[in-house]
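Participant: Sharing a structure, written as structure tokens. Questions coming.
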Amino acid sequence: MLTLEHFLTVGVLLFCLGLVIALSKRNAIGVLMGIELMLNSVNLTLIAFSRFSTGPAEIAGHAFVAFVITVAAAEAAVALALAVAVYRSRQTVEVDQLDLLRS
Amino acid sequence: MPTLVTDHWYDFRDLSNLSRVILEGIDKVAPYELAYIVAPIIGFVAAFVIFVLPSQLFVGVYGERRIIGRMQARKGPNRVGPFGLLQPVADALKLLQKEALTPTAADKTLMWAAPVFFVAPAVLLFAVIPFGPRMVFADVPAGLIFFIAVSGLPVLAAFIAGWSSNNKYSLFGAMRIVAMSISYEVPLVLVLLCVVVFTNTMSLPGIVEFQVDSNLWLIFMQPLAFVVYFIAVSAELNRTPTDIAEAESEIVAGYLTEYSGMKWGLFYGMDIGYALAAAAFASTIFLGGWSMWGLEQWVPPWLLFIAKTHLFYFVFIWTRGTLPRLRIDQLMGFAWKFLLPLAVFNLFLVSLERLWWNESDLGGGIVFIIMAINIPASAIAVYLWARFLGYKPERIPTRPRLVREAGGYVPVEDPAAGGQ
Amino acid sequence: MDNAGVQIAFWVLSILTLVAAGGVMVSRNLLHAVLFLIVAFIGVAGFFVLLSAEFIAMAQIVIYVGAIAVLILFAIVLTPQSIRDNSETAMVGPAILLGVALTAVFLFVIHDTTWATDATDPGLSASDLGRALLSTWVLPFEIASVLLTAALVGAIMLVRSETEESEDVPDADA
Amino acid sequence: MSEIVQSEPFVMNIGPQHPSTHGVFRVKATVDGERVVDAEMVLGYLHRSMEKLAEERTYTQNIPFTDRTDYLSSMSNNLGYCLAVEKLAGIEVPPRGQAIRVIMAELQRLASHCMGAGAFANDTGAWQTPIMWFMREREKILDIFEMTSGARLTCNYMRIGGVAFDLPDDFEEHVRALIGPLRETIADGEGLLSGNEIFLARARNVAVIPQELAVNASLSGPMLRGSGVAWDIRKADPYCGYEQYDFDIPIGYQGDAYDRFIVRLEEMRQSLRIVEQALEALPGGPHSTEVPLALRPPAGEAYARIESPRGELGYYLVSDEGPSPYRFHIRPPSLINLSVLKEMTVGGSIADAIVALGSIDIVVGEIDR
Chain R
-4 MLTLEHFLTV
6 GVLLFCLGLV
16 IALSKRNAIG
26 VLMGIELMLN
36 SVNLTLIAFS
46 RFSTGPAEIA
56 GHAFVAFVIT
66 VAAAEAAVAL
76 ALAVAVYRSR
86 QTVEVDQLDL
96 LRS
Chain V
-12 MPTLVTDHWY
-2 DFRDLSNLSR
8 VILEGIDKVA
18 PYELAYIVAP
28 IIGFVAAFVI
38 FVLPSQLFVG
48 VYGERRIIGR
58 MQARKGPNRV
68 GPFGLLQPVA
78 DALKLLQKEA
88 LTPTAADKTL
98 MWAAPVFFVA
108 PAVLLFAVIP
118 FGPRMVFADV
128 PAGLIFFIAV
138 SGLPVLAAFI
148 AGWSSNNKYS
158 LFGAMRIVAM
168 SISYEVPLVL
178 VLLCVVVFTN
188 TMSLPGIVEF
198 QVDSNLWLIF
208 MQPLAFVVYF
218 IAVSAELNRT
228 PTDIAEAESE
238 IVAGYLTEYS
248 GMKWGLFYGM
258 DIGYALAAAA
268 FASTIFLGGW
278 SMWGLEQWVP
288 PWLLFIAKTH
298 LFYFVFIWTR
308 GTLPRLRIDQ
318 LMGFAWKFLL
328 PLAVFNLFLV
338 SLERLWWNES
348 DLGGGIVFII
358 MAINIPASAI
368 AVYLWARFLG
378 YKPERIPTRP
388 RLVREAGGYV
398 PVEDPAAGGQ
Chain C
32 MDNAGVQIAF
42 WVLSILTLVA
52 AGGVMVSRNL
62 LHAVLFLIVA
72 FIGVAGFFVL
82 LSAEFIAMAQ
92 IVIYVGAIAV
102 LILFAIVLTP
112 QSIRDNSETA
122 MVGPAILLGV
132 ALTAVFLFVI
142 HDTTWATDAT
152 DPGLSASDLG
162 RALLSTWVLP
172 FEIASVLLTA
182 ALVGAIMLVR
192 SETEESEDVP
202 DADA
Chain B
28 MSEIVQSEPF
38 VMNIGPQHPS
48 THGVFRVKAT
58 VDGERVVDAE
68 MVLGYLHRSM
78 EKLAEERTYT
88 QNIPFTDRTD
98 YLSSMSNNLG
108 YCLAVEKLAG
118 IEVPPRGQAI
128 RVIMAELQRL
138 ASHCMGAGAF
148 ANDTGAWQTP
158 IMWFMREREK
168 ILDIFEMTSG
178 ARLTCNYMRI
188 GGVAFDLPDD
198 FEEHVRALIG
208 PLRETIADGE
218 GLLSGNEIFL
228 ARARNVAVIP
238 QELAVNASLS
248 GPMLRGSGVA
258 WDIRKADPYC
268 GYEQYDFDIP
278 IGYQGDAYDR
288 FIVRLEEMRQ
298 SLRIVEQALE
308 ALPGGPHSTE
318 VPLALRPPAG
328 EAYARIESPR
338 GELGYYLVSD
348 EGPSPYRFHI
358 RPPSLINLSV
368 LKEMTVGGSI
378 ADAIVALGSI
388 DIVVGEIDR
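These protein sequence lines are chains R, V, C and B, in that order.
Mind the numbering: the first sequence is residues -4 to 98 in the working numbering, read in order.
Mind the numbering: the second sequence is residues -12 to 407 in the working numbering, read in order.
Mind the numbering: the third sequence is residues 32 to 205 in the working numbering, read in order.
Mind the numbering: the fourth sequence is residues 28 to 396 in the working numbering, read in order.
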């Protein structure tokens, strides 16, 4: 018997893995990948709530996921464009090397 | 929806009866869970064994080579077995024995994984295709989106193959295939959206039913969508004239340069699989699938469907045997500047017509009016957009100028005159 | 939600997704990490199918696997070899600690809450989603399209190099 | 993609093992994305030291060497060499020998252009179909060569003073049976390619050689005529009695790859005309003059040139009254034509570079000798 808790647990584990990746990776693209994982886990959670919800607004979960996917696509495009642009000017995309403000 | 007359399991016009009988038999002897798992596997394997594998081997490999051979004034394979029919088997045996080389500097894991990633979606694609009235393995409500989603996956495999080979030709092929498929996915999805808007359904059996009910195939109602779909899908499939990712005269074999043995064989076989899937999809959506204006009551519908699929596949072979290859910038420009605006135009046109259909009380006959509108509208749209882009059909001389005596440079007086 | 097939699928998908997400964390090569990420995306799409959200699952595959992952691969291949390293910064220890703590808190909350659930399938289809997007959520829907346009233009402007400003760059080749 | 995301130029080898280099030839292309920014030719993979070897053999023994330079047109090579020796030794060829030489040289031009036009179509991506059509006709020509000289590719048929043997009895019948189908095949190839929108997109305005460049680089053959320069050795400096035949020089419009292709096809038609006329007026008499086996031409030098399928093929011989040439030099048209490859390819894309290379119609055996 699968319950809401099962899906929420998977979502949480995925979210925290994504969080660790986003916090610890040196490479900007790696960080982006962590963020994408976090967004995915949130989508999973939303869909799970929508599936198991009792209220009338079940479709809200789906609609919200659709928006999240849209925003994630836009975010990935801009982030990767930024990464390429940063690489071009600084010859690196390692986030701890991008300390122009500090020096 | 017109269904077939009998429910006898031996009525070969509708194989779903047979499969239902088999499933009920399993259900009696096995627990529900087992049937749940076994039944789809049986159905899928049967569909694959009956349709895809023979098509792939004997139409894709043998037939393609024989037809191309015929076009090229040569014989094609005719040594192994009667009329060379066993040539695919011989090819497969040869490929199995061949060493699958891996270059030293290649990424060995990925190079091994790429063919696997390439094969899996090809098999999945056939899951949603309705072979007959009740002969669809997975009647997914969003079957059309499923098809779009899954047919986007092999590009990744091809990219991985090209990148992991660590060869410049392969890398070129990989970059080209990704650039191409991203570009052509856009018009492709837009024209399929036209189909969805028009038929009000995303399930492939539903689209076939729509065409059965309106007694008209979508190719007549949306010729523009069909043309865009055909061009875009042949670009995604890497078939000539758009096979730039494997262009053998430019980048040797593109992303397959370093592959050999059965690893290459998987790519080769599944290329045919994707072409067949695209052909099956096109005949489902635009040619009415298994329907043929009542003929499906007499001829097994799955046979009609297979015939249509192979007709499409023949067109793929035909273009491959005839046309030269375009350059990548021309192809990209074509996708973005030509196909995309036409697809958007078609979407507008079709949406308006759908609205009109919803409001009007003309009944089913409206599709014929729509056909009468859409065919000239499409032709005019193509013509006007081509003129807008600055394309003018000029008279390009096909014969050079002729002079009697040798004597240095002869300036061109009137380039438009041409010929003799 | 209680037949064997769904249960088997759930456990297989859980293992697949979490192992793939772990692979993103541990693989040293950025390209391998992207491939693990793709597997994780496909696993999440599988969850969506289990939760009877087929349309969202397909959208997940089209957008995440077909677009975002390819975009990431492209960005990696277009930048030189030196940045294909996927190692961690010194912050990896605190990050893992934070992650573990957060997991513990969340898991506690999840299992300690009594969820008012309804196991029957609401049976939402793509047309329901479409109707919702164009009625209740029409404003965010429009804003999202504006956002996409802005992101498209912004991405092109970011990677456009100054030297090519004067040239006749075919702006369609984004 | 390369327009948007900056990429670093890198070197890509096209060849020596590549499907479209027509032999063992290598271009070190520096590419930036899909654009070629530099191209460097690397020659010599097929070098066999023919010119030096020829200095050790008698004049007659050298004829088989010339077969093996441009292996797609051995008859023309034989002819050029024999003309040079005849000029050096002052030997006259009987009229029947000259007519046979003309027929053979024109058939060889047809065979070679079949290959050249077909291979060019292959390079543009018309996967094998046109080349197979043309190969079918070429096969018939090679059959005629076989029945005449005993060999298909390396014919070794011309001799100093004429040709090796007289024509076989059913020669005329076979050649006449060839002409009609060949005309049809040329028309078919033209129908398939010349009006084809994709072919035009690939070949028009690609690899343009302006006429100044063509003349200054001393190009010859279809490369020169494609640029609109009316120049043909058969007209400008007739040999073997070409002045008695009625034919035209086809010239192109702007010197792009497409013009070179249509010039080749038209040349095939003109060659057919010449063959027909030569067959009509085939004189009787001996096919060859008697020439001593160990020919010792008087001291001096001679340069003879012919219009080979690829352009001006010249043979330069120096004699010191010995039985073998003191100096033997070939002016290979392919090598000279290839010298403009960089001008043709730089700035275009890789696909254009392949089309440019294909439109030169090189034979590497002749380039490296």
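Glycine residues also receive a C-beta, built at the ideal position from the N, C-alpha and C atoms.
All values reported here derive from a predicted model rather than from experimental measurement.
1) Would G248 (chain V) and A257 (chain B) be called neighbours here (beta carbons separated by less than 8 Å)?
2) Can you give me the Cβ contacts of R53 (chain V) inside the same chain, cut-off strictly under 6 Å, excluding the 5 residues immediately before and after it?
3) Just the Cα atoms here: how many angstroms apart are Y246 (chain V) and L282 (chain V)?
4) Residues in the same chain with beta-carbon distance under 8 Å from L169 (chain B), minus the five sequence neighbours each way, listed in chain order, please.
5) Taking the continuous beta strand (DSSP E) assigned at L344 (chain B), which residues delimit it?
6) Counting only the same chain and skipping the five closest in sequence on each side, list residues whose C-beta sits under 7 Å from that of P311 (chain V).
7) How many Å lie between M122 (chain C) and W99 (chain V) at the Cα?
8) I want to see whether chain V comes within less than 8 Å of S176 (chain C), judged by CB atoms only; does it?
9) Name, please, each residue of chain V whose Cβ falls closer than 8 Å to the Cβ of A148 (chain B).
10) Please name the residue, chosen from C:A76, C:V177, C:S118, C:L183, that lies closest to I24 (chain R) on a Cα-to-Cα basis.
11) Excluding sequence positions up to five away, which residues of its chain have a Cβ less than 7 Å from the Cβ of I301 (chain B)?
12) Mind listing the chain B neighbours of K155 (chain V)? Cutoff is C-beta to C-beta under 9 Å, in chain order.
13) As an exercise, report each continuous alpha helix (DSSP H) stretch of at least 4 residues that is fully enclosed by the segment 84 to 133 of chain B, in chain order.
14) Taking 7 Å as the cut-off, is the beta-carbon of R374 (chain V) closer than that to any non-hydrogen atom of the ligand GDP?
15) Hey, does I231 (chain V) have any beta-carbon neighbour from chain C nearer than 8 Å?
16) Please confirm whether A52 (chain C) and G13 (chain R) have their CB atoms less than 8 Å apart.
17) Are the CB atoms of L365 (chain B) and I394 (chain B) within a distance shorter than 8 Å?
18) Chain R beta carbons: is any one of them nearer than 8 Å to that of T120 (chain C)?
19) Rounded to a whole number of angstroms, what is the C-alpha to C-alpha distance between V63 (chain R) and M39 (chain B)?
20) Have a look at I118 (chain B) and G188 (chain B) and give me their C-alpha separation to the nearest angstrom.
21) Just how far apart, CA to CA, sit E83 (chain B) and R95 (chain B)?
22) Quick check on S84 (chain R): buried or exposed, where buried means 16 or more other Cβ atoms within 10 Å of its Cβ?
23) Assuming V215 (chain V) and V178 (chain V) are in contact, meaning their beta carbons sit under 8 Å apart, how far apart are those beta carbons, in whole angstroms?
24) Taking the alpha carbon of A366 (chain V) as the reference point, which residue from V:A92, V:Q209, V:G149 has its own alpha carbon closest?
25) Which of the residues in the segment 38 to 72 of chain V, read from start to end, lie with their CB under 7 Å from any CB of chain B?
26) Assuming A148 (chain V) contacts Y242 (chain V) under a Cβ cut-off of 8 Å, what Cβ separation, rounded to an integer in Å, is found between them?
27) Ends of the beta strand (DSSP E) at K55 (chain B)?
28) Using a C-beta to C-beta distance shorter than 9 Å, which residues of chain V count as neighbours of P277 (chain B)?
29) Leaving aside the five residues before and after I30 (chain R) along the sequence, list all residues of the same chain whose C-beta is less than 6 Å from its C-beta, in chain order.
30) Closest Cβ-Cβ distance between A157 (chain C) and chain V: below 8 Å?
31) Would a C-beta distance cut-off of 8 Å place F172 (chain B) and C182 (chain B) closer than the cut-off?
32) Is there a Cβ of chain V sitting closer than 8 Å to that of E85 (chain C), yes or no?
33) Would you give the residue range spanned by the alpha helix (DSSP H) that I107 (chain C) belongs to?
34) Expressed to the nearest angstrom, what Euclidean distance is found between the alpha-carbon atoms of V190 (chain B) and I377 (chain B)?
35) Check whether chain R comes within 8 Å of A203 (chain C), counting only Cβ atoms and requiring the distance to be less than that.
36) Look at F105 (chain V) and R341 (chain V) and say whether their C-beta atoms are less than 8 Å apart.
Facilitator: Let me lay it out:
1) As a working note, residue 248 (chain V) is residue 261 in the second sequence. As a working note, residue 257 (chain B) is residue 230 in the fourth sequence. Not a contact, by the Cβ cut-off of 8 Å.
2) Counting from one through the second sequence, the residue named residue 53 (chain V) turns up at place 66. When the five nearest sequence neighbours on each side are left out, the beta carbons in the same chain lying within less than 6 Å of the beta carbon of R53 (chain V) are those of G63, in order along the chain.
3) Mapped onto the second sequence, residue 246 (chain V) falls at position 259. Mapped onto the second sequence, residue 282 (chain V) falls at position 295. Cα to Cα, Y246 (chain V) sits roughly 46 Å from L282 (chain V).
4) In the fourth sequence, the residue the question calls residue 169 (chain B) occupies position 142. Hits under 8 Å: A138, R179, L180.
5) Walking along the fourth sequence from the start, residue 344 (chain B) turns up at place 317. Taken as a continuous stretch (DSSP letters only), the beta strand (DSSP E) holding L344 (chain B) covers 338 to 346.
6) Looking up residue 311 (chain V) in the second sequence gives position 324. Cβ neighbours of P311 (chain V) beyond the five flanking positions: P228.
7) Taking the third sequence and counting its residues from 1, the one referred to as residue 122 (chain C) is at position 91. Taking the second sequence and counting its residues from 1, the one referred to as residue 99 (chain V) is at position 112. Cα to Cα, the separation comes out at about 34 Å.
8) Reading the third sequence from its first residue, position 145 is the one you call residue 176 (chain C). Taking 8 Å as the CB threshold, S176 (chain C) stays off the interface with chain V.
9) Numbered from its first residue, the fourth sequence carries residue 148 (chain B) at position 121. Near A148 (chain B) (Cβ distances below 8 Å), the residues of chain V are P311.
10) Taking the first sequence and counting its residues from 1, the one referred to as residue 24 (chain R) is at position 29. Here the closest residue by C-alpha is C:S118.
11) Sequence index remark: in the fourth sequence, residue 301 (chain B) carries index 274 (1-based). Cβ within range, chain order: V129, E133, Y272, F274.
12) In the second sequence, residue 155 (chain V) corresponds to position 168, counting from 1. Contacts between K155 (chain V) and chain B, judged by CB atoms closer than 9 Å, involve F37, V38, M39, N40, V58 in chain order.
13) Correct list: 90 to 94, 101 to 116.
14) This structure simply doesn't include the ligand GDP, nor any ligand for that matter.
15) Residue numbering aside, residue 231 (chain V) sits at position 244 when the second sequence is read from its first letter. No, no contact with chain C.
16) Against the third sequence, residue 52 (chain C) aligns to sequence position 21. Against the first sequence, residue 13 (chain R) aligns to sequence position 18. It is a contact, given that the beta carbons lie within the stated cut-off.
17) As a working note, residue 394 (chain B) is residue 367 in the fourth sequence. As a working note, residue 365 (chain B) is residue 338 in the fourth sequence. A Cβ-Cβ contact shorter than 8 Å links I394 (chain B) with L365 (chain B).
18) Start at 1 with the first residue of the third sequence, and residue 120 (chain C) comes out as number 89. The beta carbon of T120 (chain C) sits closer than 8 Å to some beta carbon of chain R.
19) To locate residue 63 (chain R), count along the first sequence from 1; it is residue 68. To locate residue 39 (chain B), count along the fourth sequence from 1; it is residue 12. C-alpha separation (whole angstroms): 43 Å.
20) As a position in the fourth sequence, residue 118 (chain B) is number 91, starting the count at 1. As a position in the fourth sequence, residue 188 (chain B) is number 161, starting the count at 1. Their Cα atoms are separated by approximately 6 Å.
21) Along the fourth sequence, read from residue 1 onward, the residue named residue 83 (chain B) stands at position 56. Along the fourth sequence, read from residue 1 onward, the residue named residue 95 (chain B) stands at position 68. C-alpha separation (whole angstroms): 17 Å.
22) Locating residue 84 (chain R) in the first sequence gives position 89, where the first residue counts as 1. Exposed, since its Cβ has fewer than 16 Cβ neighbours within 10 Å.
23) Position 228 of the second sequence, counting from 1, holds the residue named residue 215 (chain V). Position 191 of the second sequence, counting from 1, holds the residue named residue 178 (chain V). Their Cβ separation, rounded to whole angstroms, is 5 Å, which keeps V215 (chain V) and V178 (chain V) in contact under 8 Å.
24) What you label residue 366 (chain V) is simply residue 379 of the second sequence in a count that begins at 1. Ranked by Cα distance from A366 (chain V), the options V:A92, V:Q209, V:G149 are led by V:Q209.
25) For the segment 38 to 72 of chain V, the set of residues with a beta-carbon nearer than 7 Å to any beta-carbon of chain B comprises M58, Q59, A60, R61, in chain order.
26) In the second sequence, residue 148 (chain V) corresponds to position 161, counting from 1. In the second sequence, residue 242 (chain V) corresponds to position 255, counting from 1. Yes, they are in contact, since the Cβ atoms of A148 (chain V) and Y242 (chain V) sit about 5 Å apart, within 8 Å.
27) What you label residue 55 (chain B) is simply residue 28 of the fourth sequence in a count that begins at 1. Segment 53 to 59, the beta strand (DSSP E) holding K55 (chain B).
28) By one-based count along the fourth sequence, residue 277 (chain B) stands at place 250. Under the 9 Å cutoff, chain V gives R386, P387, R388, L389, V390.
29) As a first step, residue 30 (chain R) is located in the first sequence; it is residue number 35 there, counting from the start. Sequence-distant Cβ neighbours of I30 (chain R) in its own chain, meaning closer than 6 Å and more than five residues away, are A17.
30) As a position in the third sequence, residue 157 (chain C) is number 126, starting the count at 1. Yes - at least one Cβ of chain V is within 8 Å of the one on A157 (chain C).
31) For this step, residue 172 (chain B) is matched to residue 145 along the fourth sequence. For this step, residue 182 (chain B) is matched to residue 155 along the fourth sequence. In this structure, F172 (chain B) places its C-beta atom within 8 Å of the C-beta atom of C182 (chain B).
32) Taking the third sequence and counting its residues from 1, the one referred to as residue 85 (chain C) is at position 54. So, interface residue.
33) Position 76 of the third sequence, counted from the first residue, corresponds to residue 107 (chain C). Here the alpha helix (DSSP H) through I107 (chain C) covers 101 to 109.
34) The residue you call residue 190 (chain B) lines up with position 163 of the fourth sequence. The residue you call residue 377 (chain B) lines up with position 350 of the fourth sequence. When rounded, the distance between both Cα atoms is 45 Å.
35) Mapped onto the third sequence, residue 203 (chain C) falls at position 172. Model confidence at A203 (chain C) stands at a pLDDT of 42, short of 50, so the residue's coordinates are unreliable and nothing is read from them.
36) Locating residue 105 (chain V) in the second sequence gives position 118, where the first residue counts as 1. Locating residue 341 (chain V) in the second sequence gives position 354, where the first residue counts as 1. One thing to note: F105 (chain V) has its Cβ no nearer than 8 Å to the Cβ of R341 (chain V).
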